[in-house]
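Those protein sequence lines, which keep their order, are chains R and A. Using my numbering, the first residue of the first sequence is number 46, and each one after it goes up by one. Using my numbering, the first residue of the second sequence is number 7, and each one after it goes up by one. Cβ atoms here follow ideal geometry from the backbone N, Cα and C, with glycine treated the same way. Please read the structure below before turning to the comments.
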Amino acid sequence: AQSVSQHNHHVILSEAASLELGCNYSYGGTVNLFWYVQYPGQHLQLLLKYFSGDPLVKGIKGFEAEFIKSKFSFNLRKPSVQWSDTAEYFCAVGTNAGKSTFGDGTTLTVKP
Amino acid sequence: DTGVSQDPRHKITKRGQNVTFRCDPISEHNRLYWYRQTLGQGPEFLTYFQNEAQLEKSRLLSDRFSAERPKGSFSTLEIQRTEQGDSAMYLCASSLGRGVGDTEAFFGQGTRLTVV
Chain R
46 AQSVSQHNHH VILSEAASLE LGCNYSYGGT VNLFWYVQYP GQHLQLLLKY FSGDPLVKGI
106 KGFEAEFIKS KFSFNLRKPS VQWSDTAEYF CAVGTNAGKS TFGDGTTLTV KP
Chain A
7 DTGVSQDPRH KITKRGQNVT FRCDPISEHN RLYWYRQTLG QGPEFLTYFQ NEAQLEKSRL
67 LSDRFSAERP KGSFSTLEIQ RTEQGDSAMY LCASSLGRGV GDTEAFFGQG TRLTVV
């Protein structure tokens, strides 16, 4: 069975700080990995995805993630966060984009 | 807005009543997914359709739950004899699937169910 673990439930940063959100997964087959973001009052949106190829994936709004197969990890990073990045972030693993197992999410609060 | 649309956005019902939610996917998307999300947790997969065929159901989907997608377009999720534990956000997503995989799923804003 698939499982996803997000290490931090709540992260608080000041603007311009660097961000790294941890995600580890357990899955026996070929993995497709995703990060979603949910801004307050809005729907889940895809930030970035990894299917194959270059393990360093770039997404929207300056986010990137690195797939490290040996560590079963897919951590999300951003070099300099903005107040508008305040949101909940979900890591997911799945056989396709729609059928995924999600982590419990990390709430990011960016202080201006 | 041409995204995934869910109706209603909020539903309060008494325990024991039946409720039905509707999801309208992005028009050309052949795959449709239902998820449930409770407070403090990530979305949990419930079921998915490819066109009108229901291809997979999670064991979370008890006998009181039924989902349909009669013409391969919109879908409904019905919960019979609601219980307080059914209180959650119900999310719908759609994607354009080709072969085994698809590359991006689009989520609706969800229907928040409160059972009192």
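Mapping the DSSP letters down to three states, classify K20/A as helix, strand or coil. coil
Would you please state the rounded distance, in angstroms, between the beta carbons of S145/R and C68/R? I believe it to be under 8 Å. Their Cβ separation, rounded to whole angstroms, is 12 Å, which puts S145/R and C68/R out of contact at 8 Å.
Verify the CB distance criterion: does G48/A have a CB-CB separation below 8 Å to chain R? yes
Amino acids of chain R, ordered along the chain, whose beta-carbon sits closer than 7 Å to that of R37/A: G143
What's the gap between the Cα of I32/A and the Cα of V121/A? 29 Å
Identified DSSP bridge partners for Q90/R: V82/R
Count the other C-beta atoms from every protein chain shown that fall within 10 angstroms of the C-beta of I113/R, then say buried if there are 16 or more, exposed otherwise. exposed
Please report whether the beta-carbon of G98/R lies at a distance below 8 Å from any beta-carbon of chain A. no
I need the boundaries of the beta strand (DSSP E) containing R28/A, first residue and last residue. 25-30
Whose CA, out of G22/A, E34/A, N24/A, L52/A, lies closest to the CA of V10/A? E34/A
Close beta carbons around L74/A, own chain, < 6 Å, minus the five adjacent residues each side: Reading off the sequence, residue 74/A comes out as Glu, not Leu. Result list for E74/A: T82, in chain order.
Can you find the residues in the same chain that come closer than 7 Å, C-beta to C-beta, to H52/R, ignoring five residues on each side of it along the sequence? G67
Hey, could you find the ends of the beta strand (DSSP E) R65/A is sitting in? It is not in any beta strand (DSSP E) - R65/A carries neither H nor E in the DSSP assignment.
What does the Cβ neighbour count give for Y41/A, buried or exposed, with the cut at 16 atoms within 10 Å? buried
For S101/A, does the count of other Cβ atoms within 10 angstroms reach 16, so buried, or fall short, so exposed? buried
Whose Cβ in chain A lies nearer than 8 Å to the Cβ of G148/R? G48
Looking at the structure shown, is K116/R part of a helix, part of a strand, or coil, going by DSSP? helix
Quick check on F71/A - is its C-beta less than 8 Å from some C-beta in chain R? no
Can you name the residues of chain R whose CB is closer than 7 Å to the CB of S101/A? A142, G143
Return yes when the Cβ of Y84/R is within less than 8 Å of the Cβ of S48/R, no when it is not. no
Y54/A versus E111/R: straight-line alpha-carbon distance, rounded: 29 Å
Taking a contact to mean a Cβ-Cβ separation below 8 Å, would you say F108/R touches K94/R in this structure? no
Where the beta strand (DSSP E) containing T146/R begins and where it ends: 145-147
Taking the alpha-carbon positions, what's the R37/A to S68/A distance? 22 Å
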